[in-house]
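S.K.:
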Amino acid sequence: MKRIIIIGGLSAGPSAAAKARRENENAEIILFEKGENISYATCGMPYAFSGIIENRSDLIVVKPDLMRTRFNIDVKMNEEIVSIDTDNKIVYSVKGDYSYDKLVFATGAKSVVPPIKNIKKATNWSTCRSMADFDKITKEGLTSKSKHITIIGAGLIGVEVAENLREAGKEVTLIEGADQILTLWQPKFGTFAESVLKNNGIEVITSGIVSEFELDENGKIAGIKIEGKATIKTDFVILSVGIMPNTELLLKLGADHIKNGALKVNERMETSIKDVYAAGDNVSIKNLQTNEYDYFPLGTHSNKGGRAAGANAAGKNIVFKGAYKTAIVKVFDYTLARTGLNPKALTERAIPFETVLTIAGSTPSYYPGQKDLITEIYYNPINEEILGAELFGEVGVDKRVDVLSTAIYAKLKISDLSQLDLAYAPPFSPAKDPVVVTSFVAENMLDNKTIQMSVEELDAYLAKTNPKDFLLLDVRTAKEFEEGSIQNAINIPLDEIRNHIDFIKNQNKPIIIFCRRGLRGYLAELILKHHQIKDMVNVAGGIIVWKMVGGLVLKPKEVEA
Numbered sequence: 001m002k003r004i005i006i007i008g009g010l011s012a013g014p015s016a017a018a019k020a021r022r023e024n025e026n027a028e029i030i031l032f033e034k035g036e037n038i039s040y041a042t043c044g045m046p047y048a049f050s051g052i053i054e055n056r057s058d059l060i061v062v063k064p065d066l067m068r069t070r071f072n073i074d075v076k077m078n079e080e081i082v083s084i085d086t087d088n089k090i091v092y093s094v095k096g097d098y099s100y101d102k103l104v105f106a107t108g109a110k111s112v113v114p115p116i117k118n119i120k121k122a123t124n125w126s127t128c129r130s131m132a133d134f135d136k137i138t139k140e141g142l143t144s145k146s147k148h149i150t151i152i153g154a155g156l157i158g159v160e161v162a163e164n165l166r167e168a169g170k171e172v173t174l175i176e177g178a179d180q181i182l183t184l185w186q187p188k189f190g191t192f193a194e195s196v197l198k199n200n201g202i203e204v205i206t207s208g209i210v211s212e213f214e215l216d217e218n219g220k221i222a223g224i225k226i227e228g229k230a231t232i233k234t235d236f237v238i239l240s241v242g243i244m245p246n247t248e249l250l251l252k253l254g255a256d257h258i259k260n261g262a263l264k265v266n267e268r269m270e271t272s273i274k275d276v277y278a279a280g281d282n283v284s285i286k287n288l289q290t291n292e293y294d295y296f297p298l299g300t301h302s303n304k305g306g307r308a309a310g311a312n313a314a315g316k317n318i319v320f321k322g323a324y325k326t327a328i329v330k331v332f333d334y335t336l337a338r339t340g341l342n343p344k345a346l347t348e349r350a351i352p353f354e355t356v357l358t359i360a361g362s363t364p365s366y367y368p369g370q371k372d373l374i375t376e377i378y379y380n381p382i383n384e385e386i387l388g389a390e391l392f393g394e395v396g397v398d399k400r401v402d403v404l405s406t407a408i409y410a411k412l413k414i415s416d417l418s419q420l421d422l423a424y425a426p427p428f429s430p431a432k433d434p435v436v437v438t439s440f441v442a443e444n445m446l447d448n449k450t451i452q453m454s455v456e457e458l459d460a461y462l463a464k465t466n467p468k469d470f471l472l473l474d475v476r477t478a479k480e481f482e483e484g485s486i487q488n489a490i491n492i493p494l495d496e497i498r499n500h501i502d503f504i505k506n507q508n509k510p511i512i513i514f515c516r517r518g519l520r521g522y523l524a525e526l527i528l529k530h531h532q533i534k535d536m537v538n539v540a541g542g543i544i545v546w547k548m549v550g551g552l553v554l555k556p557k558e559v560e561a
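Per my numbering, residue 1 is the first one in the sequence shown, and the count goes up by one each step.
Here it is, written out as structure tokens:
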């Protein structure tokens, strides 16, 4: 009888065990877990802090007894594997040794704990990865005595924890070492999310390097020293600065790995060591766009990788090809999402790309509660292949990013998006879905009907160019203009622009057009092009995105001054 041993019981391990049993009823399957719980939802922990997930028990997805009775898995709890002999196919635990025919290594990752002064002496802090962490945060951080909580690290988990602690009534400070939060995204999208956090009462500190914990007489953190910034007074600290794969047992045996120690696996989840598979946050899988080994520590990949590893250990041939950094995060009433390669990654790899940004309603204007959706897509201008996308909004972000993720997998062109038969009904989408609208705009760009200027490009241009050397044209209504415009802009409303053709021509300057969101700017472009005016661009996202990234907006009297 074949014996399959699985090390690790969080996500990939149980997935591998269950799939192995479904594929092979006769195999002996043993699952080792060094802790007291298996298959718990680390991704759900932040939402339990606020009470959205009401009970601790709800975080336990599968209990050991279910694995034993339903799947006939020999689950060994509180039994850590301390060494592996891959030559003789034996694993050694703290209680004994066990031979195997196939081994699935699903040990996950551990939280990184930075070398902050006094951290080893302090007691009132925790990482946020295990049930033990959850229990400590719940028993100490969520008590009435802890009025202020500081989160160090503003990645996905850090932001989710910050939001939910604020929802629980805590005063919250979020500290990030980089110059933006949520560094998976472009800086402007990080700024969108940061503004939402601040508007909901969270103090956000970027470029904040924590150097020391100030302790009181009881060894508790009372203050957080940040290099070059004010000390933060706090009652409890949660660390979320990253993770490190738990791969030491195989690294010392020579297993191939990437720089952070994650094990390289092929599509069948095989490591470089014979008969040893691996899955979960301890592995590196291929980035399907770059064909390079990459690191994707997300539950969806752990489950798919575990499933493939378990099936193949049981004698089947299932592949998990890889991923391409699709991610999503809730930020109070908003959602931020991304997929594929963004400008930073594309520039690093010298991959040519163009950017198209639109703001469109996620539902029709006539349907109650319409919300804007910002969609930015990156595509190859030569073959039009979609390379990546980032999105922000209150409604419908999730389904649009999944459409774009599917498009990347299928290697669709930007122009293909307008041909997709997407579901339509007023409660869910306008007749022209935001994805389709973005495709239309990109087609116009490819047909040289319009040239978009990003707000980043506009900011850089205004900073280095004399205002006398360009015409900044606000084509919104006079009423909108009176409420505030970009410095040095002149107002010629779109509906009056045909009456001012000679004036615009006689300026004989490059023209930067903007409106509220971008559509009126495009229409102004078309009118001016018809009158042989060619040197112009349209600001993508208009004054809405300009303001969202902190661009200066002045009222007319201030503009004139």
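For each residue, glycine too, the CB sits at the ideal point set by N, CA and C. None of the values given here were measured: they were computed from a predicted structure.
Using a Cβ-Cβ cutoff of less than 8 angstroms, which residues in the same chain neighbour T231 once the five nearest sequence positions on both sides are dropped?
M.R.: The residues are E214, G223, I224 and K225.
S.K.: Look at V159 and L182 and say whether their C-beta atoms are less than 8 angstroms apart.
M.R.: Yes, they are a contact pair.
S.K.: Just reading off the alpha helix (DSSP H) that T191 is part of, what are its end residues?
M.R.: T191 -> alpha helix (DSSP H) spans P187 to N199.
S.K.: Can you tell me where the alpha helix (DSSP H) with A311 in it begins and where it stops?
M.R.: Here the alpha helix (DSSP H) through A311 covers G299 to A313.
S.K.: With distances taken from CA atoms, which of A12, L422 and G242 is nearest V62?
M.R.: Of the listed residues, the one whose Cα sits closest to V62 is A12.
S.K.: Would you kindly report the start and end of the unbroken alpha helix (DSSP H) that includes S405?
M.R.: Element bounds for S405: V397 to Y409.
S.K.: Report yes if the CB atom of V91 is closer than 8 angstroms to the CB atom of Y98, and no otherwise.
M.R.: Contact flag set, yes.
S.K.: Buried or exposed: where does I575 fall if 16 or more other Cβ atoms within 10 Å of its Cβ makes it buried?
M.R.: Absent from the model: residue 575. The displayed extent of the chain is 1 to 561, so no value can be given.
S.K.: When you compare the region 129-140 with the region 30-42, are there three or more beta-carbon pairs, one atom per stretch, that lie closer than 8 angstroms?
M.R.: Short answer: they touch.
S.K.: Using only alpha-carbon positions, find the residue among A27, M445 and A255 that is nearest to T86.
M.R.: If we check each option's Cα against that of T86, A255 comes out closest.
S.K.: Determine the direct distance from the alpha carbon of A540 to that of Y277, and round the result to whole angstroms.
M.R.: Each residue's alpha carbon lies about 47 angstroms from the other.
S.K.: For D421, tell me which candidate among D433, P427, K411 and K325 has the shortest Cα-Cα distance.
M.R.: When each option's Cα is compared against that of D421, the closest is D433.
S.K.: Cutting at 6 angstroms between CB atoms, please list the residues of its own chain near M269, excluding the five before and the five after it.
M.R.: Cβ neighbours of M269 beyond the five flanking positions: Y277, A279, G305, A308 and A309.
S.K.: When you compare the CB positions of E516 and G484, do they come within less than 8 angstroms of one another, or not?
M.R.: Rather than Glu, the amino acid found at residue 516 in this sequence is Arg. Not a contact, by the Cβ cut-off of 8 angstroms.
S.K.: Whole angstroms are fine: how far does the CA of G396 sit from the CA of K89?
M.R.: When rounded, the distance between both Cα atoms is 50 angstroms.
S.K.: Return yes when the C-beta of V437 is under 7 angstroms from any heavy atom of the ligand ADP, and no when it is not.
M.R.: Absence of the ligand ADP is noted for the structure shown, with no ligands found whatsoever.
S.K.: Could you compute how far the alpha carbon of I451 sits from the alpha carbon of V437?
M.R.: Near 16 angstroms, if we compare the C-alpha coordinates of V437 and I451.
S.K.: With a threshold of 8 angstroms on Cβ separation, who are the neighbours of M1 within its own chain once the five nearest residues in sequence on each side are excluded?
M.R.: Once the five neighbours on either side are set aside, the close Cβ partners of M1 are N26, A27 and E28.
S.K.: Could you tell me whether the region 504-519 touches the region 468-478, using the rule of 3 or more Cβ pairs below 8 angstroms?
M.R.: Flag = yes, the region 504-519 and the region 468-478 touch.
S.K.: How many Å lie between Y424 and L404 at the Cα?
M.R.: The alpha-carbon atoms of Y424 and L404 are separated by roughly 17 angstroms.
S.K.: Can you tell me which of the three DSSP states A278 falls into?
M.R.: Of the three classes helix, strand and coil, the one that applies to A278 here is strand, per DSSP.
S.K.: Under the assumption that Y379 contacts I414 (Cβ atoms under 8 angstroms), give the Cβ distance between them as a whole number of angstroms.
M.R.: About 4 angstroms; that satisfies the 8 angstroms criterion.
S.K.: Quick one: what's got a C-beta closer than 6 angstroms to A442's C-beta in the same chain, skipping five residues either side?
M.R.: If we look at A442 and ignore the five residues flanking it on each side, its Cβ neighbours are V356 and I414.
S.K.: If distances are taken between C-alpha atoms only, which option among I486, P430, L298 and A16 comes closest to F71?
M.R.: F71 has its Cα closest to that of A16, out of I486, P430, L298 and A16.
S.K.: Compute the beta-carbon to beta-carbon distance between L391 and I374, rounded to the nearest angstrom, for a pair I have assumed lies under 8 angstroms.
M.R.: Between I374 and L391 the Cβ distance is about 6 angstroms, and since that is below 8 angstroms, they are a contact.
S.K.: Residues in its own chain within less than 6 angstroms of K534 by CB, not counting five upstream and five downstream?
M.R.: Excluding residues within five positions, none has a Cβ falling inside 6 angstroms.
S.K.: Step through the CB atoms of chain C and report whether any lies within less than 8 angstroms of the CB of N218.
M.R.: The chain labelled as chain C is not found in the depicted structure, where only one protein chain is given.
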